[in-house]
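Colleague:
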């Protein structure tokens, strides 16, 4: 028989504390046995391992007091709290808005989503309705003439929901004035810095190429204004006007969006701006290449004295006498669809400008230098497809047509709508039925690139 000394030694061995968990086997086995005897657990030998793990877990668990069990809200809960404000009704004490003769700029987004849903496109009814309410908040806080859901671009961290708007007359003057004041202050700071750096240093003969001026608001690539947000219910952010340099550089790089408008765009060649500028440049490129409408839906004004083929024109009006083609005609021939957004030239503008033409001030300052130098060659003007040009003339994409056409349903074609998808910008689509049509861009942000395999 074991002596009392041996029993004490064994007990002392079992009571040795673990340096990691600060527990000992003796107390742990006592707790396990107490739990088995207290609960009268059947088949306890088969559950010994799980009972041992449960006892260990309970030692480190906090007290189960609901009042003190405070956990940080998850991202889903925080987003739900933000979007909950979209569904709040205005208070009864609030004064009703005066009824103006101006038409409501808010589109029937749920109706257009219905047709895209038939083609297996769109974002789903729930998310579409939340975006619809977010657009309503945008209309309530800005004096807008029209607003349209442009699309959704995915990012690595967050996504971008894009709204395309047009201001009423005079509605954007105040904001433009604030932007101009900010630009003037930045220019003054740079001028002061240059004056401080002038210490009779040798001046290089190299002169950078002239800066191509950006197009004015309401014309060319800046014809429309764009707002973005990461999720419905979050704050809308207005995108700045795009410059030709940003469009030219955006054509030379491929970058995924992060979802942070202030993020740096690290690329070569260096991009002149942050992600907010890169996003605006991509929107301009995508709109110019993928926004289409049925032929004759828009027409040029009769008093327009420009060329008859549409070259040089930058505006049009809705044709009140428009007779929609049959749905089958919309998919049989791409000539029944036209681009209603101006083409972006290689210069980065919709309307070409001569970069060698200088202002009177520049001529006076550089008069002596120009006498010594040879005059540069006159640049060749750039021309692109005219406005309302048929998409059948678009360049092929890897031996494929630029657009793929089809019906939303081949089983019931008499009730189906025509759907076109861009092969150049995957993610761009449009539907057409009777006098209804709508453009939408979802998911991707990069242009199609021909991939080739080379033998190593």
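In the working numbering, the protein residues as written are 5 to 460. Even glycine gets a Cβ: it sits at the ideal position worked out from N, Cα and C. From a predicted model like this one, the values you see are computed outputs, not experimental measurements.
Can the beta-carbon of residue 155 be found less than 8 Å from the beta-carbon of residue 252?
Modeller: Residue mapping note: residue 155 aligns to position 151 of the chain shown, counting from 1. Residue mapping note: residue 252 aligns to position 248 of the chain shown, counting from 1. Not in contact: residue 155 and residue 252 (Cβ atoms no closer than 8 Å).
Colleague: Check each candidate in 240, 287, 450 and name the one with the smallest Cα separation from residue 428.
Modeller: By one-based count along the chain shown, residue 428 stands at place 424. The option with the nearest alpha carbon to residue 428 is 450.
Colleague: Looking at C-beta atoms only, is the number of pairs between the stretch 228–238 and the stretch 157–171 that lie closer than 8 Å three or more?
Modeller: Yes: the two stretches touch, three or more of their Cβ pairs being nearer than 8 Å.
Colleague: Quick check on the DSSP output: what are the complete beta strand (DSSP E) runs of length 3 or more inside the stretch 275–334, in order along the chain?
Modeller: Those beta strand (DSSP E) runs which fall completely within the stretch 275–334 and span 3+ residues are 296–298.
Colleague: Name, in chain order, the residues that DSSP records as bridge partners for residue 152.
Modeller: Taking the chain shown and counting its residues from 1, one reaches residue 152 at position 148. 168, per the DSSP bridge assignment.
Colleague: Could you check whether the stretch 335–347 touches the stretch 377–397, counting it as contact only if at least three pairs of C-beta atoms, one from each stretch, sit closer than 8 Å?
Modeller: Yes: at least three Cβ pairs fall under 8 Å.
Colleague: Taking C-alpha atoms, which residue in 81, 55, 127, 19 lies nearest to residue 447?
Modeller: Along the chain shown, read from residue 1 onward, the residue named residue 447 stands at position 443. Residue 127 is the option with its Cα nearest to residue 447.
Colleague: Go to residue 44, then tell me how far its alpha helix (DSSP H) extends in each direction, as first and last residue.
Modeller: Along the chain shown, read from residue 1 onward, the residue named residue 44 stands at position 40. Note, residue 44: premise wrong, no alpha helix (DSSP H); not H, not E.
Colleague: Going straight from the alpha carbon of residue 121 to that of residue 359, what length do you get?
Modeller: As a first step, residue 121 must be located in the chain shown, where it is residue number 117. As a first step, residue 359 must be located in the chain shown, where it is residue number 355. Cα to Cα, the separation comes out at about 47 Å.
Colleague: In chain order, what residues of the same chain lie with their CB nearer than 8 Å to the CB of residue 31, ignoring the 5 residues before and after it?
Modeller: Along the chain shown, read from residue 1 onward, the residue named residue 31 stands at position 27. Closer than 8 Å at the Cβ level, and outside the excluded window around residue 31, lie 19.
Colleague: Helix, strand or coil: which one does DSSP assign to residue 445?
Modeller: For the purposes of this step, residue 445 is taken as the residue at position 441 of the chain shown. It is a strand residue.
Colleague: Would you list, in sequence order, the uninterrupted beta strand (DSSP E) runs of no fewer than 3 residues that lie entirely inside the stretch 382–421?
Modeller: With a minimum length of 3 residues, the continuous beta strand (DSSP E) runs that stay inside the stretch 382–421 are 407–411.
Colleague: Along the chain, where does the beta strand (DSSP E) containing residue 118 start, and where does it finish?
Modeller: Taking the chain shown and counting its residues from 1, the one referred to as residue 118 is at position 114. No beta strand (DSSP E) holds residue 118; the alpha helix (DSSP H) holding it covers 113–122.
Colleague: Would DSSP call residue 229 helix, strand or coil?
Modeller: The residue given as residue 229 occupies position 225 in the chain shown. DSSP places residue 229 in strand when its eight states are reduced to three.
Colleague: Out of 418, 10, 157, which has the shortest C-alpha to C-alpha gap to residue 263?
Modeller: Here residue 263 corresponds to residue number 259 of the chain shown, with the count starting at 1. Closest option to residue 263, Cα to Cα, is 157.
Colleague: Please determine if the stretch 243–250 and the stretch 136–146 are in contact, where contact requires at least 3 C-beta pairs separated by less than 8 Å.
Modeller: Taking 8 Å as the limit for Cβ pairs, the verdict is that the stretch 136–146 does not touch the stretch 243–250.
Colleague: In angstroms, rounded to a whole number, what distance separates the CA positions of residue 333 and residue 453?
Modeller: Here the question's residue 333 lines up with position 329 in the chain shown. Here the question's residue 453 lines up with position 449 in the chain shown. Cα to Cα, the separation comes out at about 30 Å.
Colleague: How would you label residue 11, buried or exposed, when you count the other beta carbons within 10 angstroms and need 16 or more for buried?
Modeller: Here residue 11 corresponds to residue number 7 of the chain shown, with the count starting at 1. Exposed, because fewer than 16 other Cβ atoms sit within 10 Å of the Cβ of residue 11.
Colleague: Give the straight-line distance between the Cα atoms of residue 281 and residue 62, rounded to the nearest whole angstrom.
Modeller: By 1-based counting over the chain shown, the position of residue 281 is 277. By 1-based counting over the chain shown, the position of residue 62 is 58. If I take the Cα positions, the gap works out to 54 Å.
Colleague: Between the stretch 76–88 and the stretch 381–390, are three or more C-beta pairs nearer than 8 Å?
Modeller: They do not touch, by the three-pair rule.
Colleague: Do residue 292 and residue 361 have their CB atoms nearer than 8 Å?
Modeller: Here the question's residue 292 lines up with position 288 in the chain shown. Here the question's residue 361 lines up with position 357 in the chain shown. Taking 8 Å as the Cβ cut-off, residue 292 and residue 361 do not qualify as a contacting pair.
Colleague: Below 8 Å on the Cβ atoms is my contact criterion, and I expect residue 153 with residue 139 to pass it. Report the Cβ-Cβ distance as a whole number of Å.
Modeller: Here residue 153 refers to the residue found at position 149 when the chain shown is read from its first residue. Here residue 139 refers to the residue found at position 135 when the chain shown is read from its first residue. That pair is a contact at about 6 Å.
Colleague: For residue 445 versus residue 432, is the C-beta distance shorter than 8 Å?
Modeller: As a first step, residue 445 must be located in the chain shown, where it is residue number 441. As a first step, residue 432 must be located in the chain shown, where it is residue number 428. Yes.
Colleague: Could you pull out every residue in the same chain whose Cβ sits closer than 7 Å to the Cβ of residue 345, ignoring the five residues on either side in sequence?
Modeller: By 1-based counting over the chain shown, the position of residue 345 is 341. 291, 292, 295, listed in sequence order.
Colleague: Pull up the distance between the alpha-carbon of residue 52 and that of residue 135, whole angstroms please.
Modeller: Mapped onto the chain shown, residue 52 falls at position 48. Mapped onto the chain shown, residue 135 falls at position 131. Approximately 54 Å between the Cα atoms of the pair.
Colleague: Specify the secondary structure class of residue 432 as computed by DSSP and reduced to three states.
Modeller: As a first step, residue 432 is located in the chain shown; it is residue number 428 there, counting from the start. In this structure, residue 432 counts as strand in the three-state DSSP scheme.
Colleague: Would you identify the three-state DSSP class for residue 129, choosing helix, strand or coil?
Modeller: For the purposes of this step, residue 129 is taken as residue 125 along the chain shown, with counting starting at 1. Note: residue 129 maps to helix in three-state DSSP.
Colleague: Can you tell me which residues form a DSSP beta bridge with residue 440?
Modeller: Position 436 of the chain shown, counting from 1, holds the residue named residue 440. Answer is 437.
Colleague: When DSSP labels each residue in this structure, what does residue 242 get in the three-state scheme?
Modeller: In the chain shown, residue 242 corresponds to position 238, counting from 1. Note: residue 242 maps to strand in three-state DSSP.
Colleague: Which residue comes first and which comes last in the beta strand (DSSP E) that contains residue 3?
Modeller: No answer is possible for residue 3: the residues shown for the chain start at 5 and end at 460.
Colleague: For residue 114 and residue 46, what's the separation of their Cα atoms in angstroms?
Modeller: Working through the chain shown from its first residue, we reach residue 114 at position 110. Working through the chain shown from its first residue, we reach residue 46 at position 42. One C-alpha to the other measures close to 59 Å.
Colleague: Just mark residue 270 as buried or exposed, buried being the case when its beta carbon has 16 or more other beta carbons within 10 Å.
Modeller: Here residue 270 is taken as the residue at index 266 of the chain shown, counted from 1. Its Cβ having fewer than 16 others within 10 Å, residue 270 is exposed.
Colleague: DSSP three-state label for residue 257, please.
Modeller: Looking up residue 257 in the chain shown gives position 253. Looking at residue 257 - three-state DSSP - the assignment turns out to be coil, as it is neither helix nor strand.
Colleague: Cutting at 8 Å between CB atoms, please list the residues of its own chain near residue 21, excluding the five before and the five after it.
Modeller: Locating residue 21 in the chain shown gives position 17, where the first residue counts as 1. If we look at residue 21 and ignore the five residues flanking it on each side, its Cβ neighbours are 27, 28.
Colleague: With a CB to CB cut of under 7 Å and the five nearest residues on each side skipped, what residues in its chain are close to residue 357?
Modeller: By one-based count along the chain shown, residue 357 stands at place 353. Correct list, in chain order: 216, 217.
Colleague: What is the DSSP secondary structure of residue 194, reduced to helix, strand or coil?
Modeller: As a first step, residue 194 is located in the chain shown; it is residue number 190 there, counting from the start. Any reading at residue 194 needs caution, since the residue's pLDDT is 47, under 50, leaving its predicted position unreliable; the model's value is listed next. Residue 194: helix per DSSP, three-state reduction.
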